[in-house]
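See structure below.
Number of protein chains: 2
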Amino acid sequence: MNPNSIGKDYLDHISIDCVIFGFHNKSLRVLLLKWKTINRWALPGGFIKKNEHADAAAQRVLSERTELSNIFLRQFHTFSDPDRNKADGNLDISLLPVRFSKEAIDWIKGRFVTIGYFALVDFNKVKPVPDLFSEECRWWELEQLPVLLYDHHHIVDAALIALRDALQYQPMGKYVMPKKFTLPELQKLYEVILGKKIDRRNFRKKILGLNIIHPLGETRKGGAHRSPDLYSFN
Amino acid sequence: MNPNSIGKDYLDHISIDCVIFGFHNKSLRVLLLKWKTINRWALPGGFIKKNEHADAAAQRVLSERTELSNIFLRQFHTFSDPDRNKADGNLDISLLPVRFSKEAIDWIKGRFVTIGYFALVDFNKVKPVPDLFSEECRWWELEQLPVLLYDHHHIVDAALIALRDALQYQPMGKYVMPKKFTLPELQKLYEVILGKKIDRRNFRKKILGLNIIHPLGETRKGGAHRSPDLYSFN
DNA sequence: TGCCTAATGTGTAATATTTACGCAATAATA
DNA sequence: TATTATTGCGTAAATATTACACATTAGGCA
């Protein structure tokens, strides 16, 4: 994003925000940005070009932050509380990057209706990249998020609920699991998303019955006990 | 809405559109507006005031069109195709109401990202009221919609899918059925929303098991055969 | 080397939910 | 009063979900 394009090339008062989910070490994570100067963590987001689809804008933000393309992306809700950017009362966005013009700063400080998306990515393939507003981009465990900018924590909560609902219909493990994985690993993913324990044996039966994964004939070595079989999505 | 407030009191490039569902004579219906001059039917919609929540804007539009308050309302998707208002290539919005200023007409002709809501109302309680752009407001059977403005037909389709999904989780008959109704009537509602036939006896078992309705001890007279019992939602 | 431990793979039984369908009761019509 | 079509009520079959027993395996350790 070009600092000079702020407030000119984009639609006014509309933004998109992405809750990017990854899975690593048995825990669900989201990719966050640390905003400059104000030192607050926030969701990756951006604006919509005057002739751009919001989905395209989200996909653009996603590729910029992760260096991935063709990411699983789904719009889940639009947040329009007129005071949603005032949740942080003591926060002055104008302290942000100095290279913005006064007009651009006024533009950014205005009200934004934001379209929320959630994305699913392979944790191992992501190369986190900060944007113009941020100095750092990294994964956070969903269970241990820092204080977030504005209403972003609320957006994350809503995204998780949307993901949970979606998982009932559509098996989306494909987008978050690495190429090779074990059934216990996949089960853990389901457990953290659904927020409940699942019986090993029933889970196996269910997933294998869906015919969406196949065994590779290999096992994951190195564990303390019996080596679990490795699978891949079809 | 005051014609002079167009393009001034509202957020630019953002609108809301409502798919208002009603149920009458065994069929699902939506409330549509016939736009002046261009004579095309469209969804009731409106703009968001500069300090207004989109939900409030939708509720406002809803009460204006139906003369009802406290309507069941749910946001389901935001439509952002930059060309969505160009689907009607030969349509010139500027032919619309003469009392708008040139600025207002330019504003309206611009791109709009629209937040889609669906609403459930009691058909019998609605008094359809046209808005500033329209000369008529009336119900249309979902199965026999006319050609709609822009991408509104697509919005209706998406709303129906959202309603269908929601009905699985939450019994929403309460909002569309009249105070007194029979089980076969309620069943028909489910059938038209879900798009499939349901077994009478299983439907009865399921609904009664939910403990959301109670018999009134009366029956609906006048039918050609056995009079069905009347129920109300709790 | 061989036992212990804990996790995985496989199977089966119990339970709950969904689906299918038979039959009696009833109200208008002829 | 018989006919007909629809409603109310009940039961059985099929399917899906849940619970749980037991054998297999790999590393740890004596």
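So the sequence lines, in the order shown, correspond to chains A and B. So the first sequence is numbered by my numbering: it starts at 1 and just counts up by one. So the second sequence is numbered by my numbering: it starts at 1001 and just counts up by one. Glycine residues also receive a C-beta, built at the ideal position from the N, C-alpha and C atoms.
Reduced DSSP secondary structure (H/G/I, E/B, other) of residue i
i: Asp165(A); result: helix
i: Pro1003(B); result: helix
i: Ile14(A); result: strand
i: Ile1071(B); result: coil
i: Gly195(A); result: coil
i: Gly1209(B); result: helix
i: Arg1226(B); result: coil
i: Lys243(A); result: Residue coverage of chain A in this structure runs from 1 to 234, which leaves residue 243(A) outside it and unanswerable.
i: Lys1109(B); result: helix
Contacting residues, own chain, Cβ-Cβ under 8 Å from residue i (five flanking each side not counted)
i: Ser1227(B); result: Thr1219, Arg1220 and Lys1221
i: Pro1184(B); result: Arg1200 and Pro1228
i: Leu1189(B); result: Phe1023, Leu1028, Gly1173, Val1176 and Met1177
i: Thr1011(B); result: In the sequence under discussion, the amino acid at residue 1011(B) is Leu, which differs from the Thr named in the question. Correct list, in chain order: Phe1047, Ile1048, Lys1049 and Lys1050.
i: Cys1137(B); result: Leu1031, Leu1032, Leu1033, Lys1034, Pro1044, Arg1065, Pro1128, Val1129, Pro1130 and Asp1131
i: Val156(A); result: Val19, Val30, Leu43, Leu142, Leu145 and Leu148
Sequence-distant residues of the same chain with beta carbon closer than 6 Å to residue i, five excluded per side
i: Ala1087(B); result: Tyr1150 and Asp1151
i: Pro1146(B); result: Trp1041
i: Trp1035(B); result: Ala1042, Phe1133 and Ser1134
i: Arg141(A); result: A small fix is needed here, since residue 141(A) is Glu in this sequence, not Arg. Within the same chain, Glu141(A) has close Cβ partners Ser27 and Arg29.
i: Leu32(A); result: Trp41 and Trp140
i: Ser63(A); result: Ser69
i: Ala104(A); result: Ile6 and Gly7
For residue i, the residue or residues it bridges with in DSSP
i: Ala104(A); result: DSSP lists no partner for Ala104(A).
i: Phe203(A); result: Beta-bridge pairing links Phe203(A) to no other residue.
i: Gly22(A); result: Arg29(A)
i: Pro215(A); result: Tyr231(A)
i: Ala119(A); result: Ile20(A) and Leu73(A)
i: Phe79(A); result: Thr114(A)
Sequence-distant residues of its chain with Cβ nearer than 7 Å to residue i (five each side left out)
i: Ala58(A); result: Ile16, Cys18, Leu73 and Tyr117
i: Glu67(A); result: Lys127 and Val129
i: Ile115(A); result: Ile16, Ala54, Gln75 and Thr78
i: Asn1004(B); result: none
i: Leu95(A); result: Thr37 and Ile38
i: Ile108(A); result: Ile6 and Ile93
i: Gly110(A); result: His13
i: Leu186(A); result: Gly173, Met177 and Ile207
i: Leu1120(B); result: Phe1021, Phe1072, Met1172, Tyr1175 and Val1176
i: Leu1163(B); result: Phe1021, Phe1118 and Ile1193
i: Lys180(A); result: Leu216, Leu230 and Ser232
i: Asn234(A); result: Ile212, Ile213 and His214
Buried/exposed call for residue i, threshold 16 Cβ in 10 Å
i: His1214(B); result: exposed
i: His1225(B); result: exposed
i: Asn1070(B); result: exposed
i: His83(A); result: What sits at residue 83(A) in the sequence shown is Asp, not His. Exposed: under 16 other Cβ atoms inside 10 Å.
i: Asp1092(B); result: exposed
i: Ser80(A); result: buried
i: Glu52(A); result: buried
i: Gly45(A); result: buried
i: Leu210(A); result: exposed
i: Arg65(A); result: buried
i: Asp165(A); result: exposed
i: Asn1085(B); result: buried
i: Leu1216(B); result: exposed
i: Ile193(A); result: buried
i: Tyr1231(B); result: buried
i: Ile212(A); result: exposed
i: Ile1122(B); result: Just to set this straight, residue 1122(B) is Asp in the shown sequence, not Ile. Buried is the call here.
The ligand NAD heavy atom lying under 8 Å from the CB of residue i
i: Ala1119(B); result: No copy of the ligand NAD occurs in the structure displayed, which carries no ligand at all.
* Curious, which full-length beta strand (DSSP E) runs of at least 3 residues does the segment 1025–1069 of chain B contain? -> 1027–1035 and 1045–1049
* Asked: Which ranges does the beta strand (DSSP E) cover as unbroken runs of at least 3 residues, wholly within the segment 1122–1191 of chain B, from first to last along the chain?
  -> 1134–1141
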